[in-house]
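Asker:
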Amino acid sequence: MKKLNILYSTIDRNRHIIRYGEYFKQALLKRPDVNLYLLQEESSIGRILTRFIPDIIIFDDFARNKKLHGLEKTSIPKGVIYWDIQKDQEKFRKFVVTQKIDLIFSFYRDAFRFFFPEFNRKFKWLPNHVNTEVFKDYGLKKEIDFLLAGALSEKVYPLRTKIAREMKGVKGFKHLPHPGYRDFDPEAEKNNKIDAYFAREINKAKIFFTDDSIYKYPVAKYFEVLACNTLLLAPGSRELKDLGFIDGKTFVEINADNYYEKALYYLKKEAERKAIALRGYQMVRERHSTEVRAAQFIYCLKKFLAIKAV
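Following the numbering used here, the numbering of the sequence shown begins with 2 at its first residue and continues without gaps.
(1) Taking Cβ positions, are Ala295 and Ala28 nearer each other than 8 Å?
(2) Return the chain-ordered ranges of every alpha helix (DSSP H) run that is complete within the stretch 211-278 and spans a minimum of 4 residues.
(3) In angstroms, rounded to a whole number, what distance separates the CA positions of Cys301 and Tyr139?
(4) Leaving out five residues before and five after Phe224 in sequence, what residues of the same chain have Cβ atoms less than 8 Å from its Cβ?
(5) Does the count of Cβ pairs from the stretch 210-230 and the stretch 244-256 closer than 8 Å reach three?
(6) Compare the Cα-Cα distances from Ala257 to each of Glu23, Glu167, Ile277 and Lys275 and report the closest residue.
(7) Can you give me the C-alpha to C-alpha distance between Ile169 and Asn259, rounded to a whole angstrom?
(8) Do you know whose CA, among Phe115, Trp84 and Lys123, lies nearest Phe108's CA?
(9) Thinking C-beta only, is Glu202 closer than 8 Å to Leu148?
(10) Taking contact to mean at least 3 C-beta pairs separated by less than 8 Å, is the stretch 11-19 in contact with the stretch 179-187?
(11) Helix, strand or coil for Asp111 per DSSP?
(12) Where does the unbroken alpha helix (DSSP H) through Ile164 begin, and where does it stop?
(13) Across which residues does DSSP place Leu177 in a beta bridge pair?
(14) Assess contact between the stretch 153-165 and the stretch 198-214, defined as three or more Cβ pairs (one per stretch) separated by less than 8 Å. Is contact present?
(15) Could you check whether the stretch 74-81 touches the stretch 46-57, counting it as contact only if at least three pairs of C-beta atoms, one from each stretch, sit closer than 8 Å?
(16) Using three-state DSSP, classify Asn121 as helix, strand or coil.
(17) Suppose contacts are defined by Cβ-Cβ distances below 8 Å. Is Leu227 in contact with Gly173 by that definition?
(18) Can you name, in chain order, every residue of its own chain whose Cβ lies under 8 Å from the Cβ of Thr191, other than the five neighbours on each side?
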């Protein structure tokens, strides 16, 4: 079988708070049908071609990665993974046009189509995913009744912020404040509950609150919480439903008016709580692991290249 040669422009995020990009690269590197050439330094396509001939070029961050010169002069297909689609939108539009990008991958289907209708034909939905070797059921004692974690903002995360404010002082409620978007050394990682330490904290909780922001994004916490076999209480959407987040089956849908009532109900109803959490756990491991998403990504690239070759 001919391997797919991918030139993958990236940066090192091994110590950053957000690591799904690192886990995604690791999953791609493990695939026997892929040759992945990781490019982290500034370079030119001409220089690269003297040592590696890619079938396709992928950028996992158009804004932060080092420059790759000469892209506009090559006919090699190009794709980009766009994470925070509410940021740098005009820069992104310019990048897609000037660099002649063929494929655009994003976690968020409906928001991307709303923000960038002009790129709908280039768009491929690559939903969020979770490293199930890190976010898993550690079998820890469920000693936290209610857990909430992450950034708070009335403008961006109104429900999450309301819950944190109104649940403060409620017996059994714990809030983990956001430690900031930065790198962490091993000691700081432990103290700030990053990565596996965060997963363990989730696993200790009976119930976890989050929200999908004003943009209705299926954010990483939806996947991470279910992967730790903890009951998730969060808003729903059509996009989340299409991903397998079904109210009362794999998670519990809430809003600003009913979150407290539902939290108390599922705190008392242990059997129901555990059953929903278990179905969510099984669903995420089956449909949304990083390995599953990497396989879908490669399938999409191969399909695109096959059609282009006809």
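For glycine and all other residues, C-beta sits at the position ideal for the given N, C-alpha and C.
Answerer: Checking against the coordinates, here is how it stands:
(1) yes
(2) 221-228, 239-243 and 260-269
(3) 33 Å
(4) Excluding residues within five positions, the ones whose Cβ falls inside 8 Å are Asn129, His130, Val131, Phe136, Val285 and His289.
(5) yes
(6) Glu167
(7) It should be pointed out that residue 169 corresponds to Lys in this sequence rather than to Ile. Using only the alpha carbons, I get a separation of about 17 Å.
(8) Trp84
(9) yes
(10) yes
(11) helix
(12) Pro159 to Met168
(13) Ala150
(14) yes
(15) yes
(16) coil
(17) no
(18) The amino acid occupying residue 191 in the given sequence is Lys; Thr does not appear at that position. Excluding positions up to five away in sequence, the list reads Tyr198.
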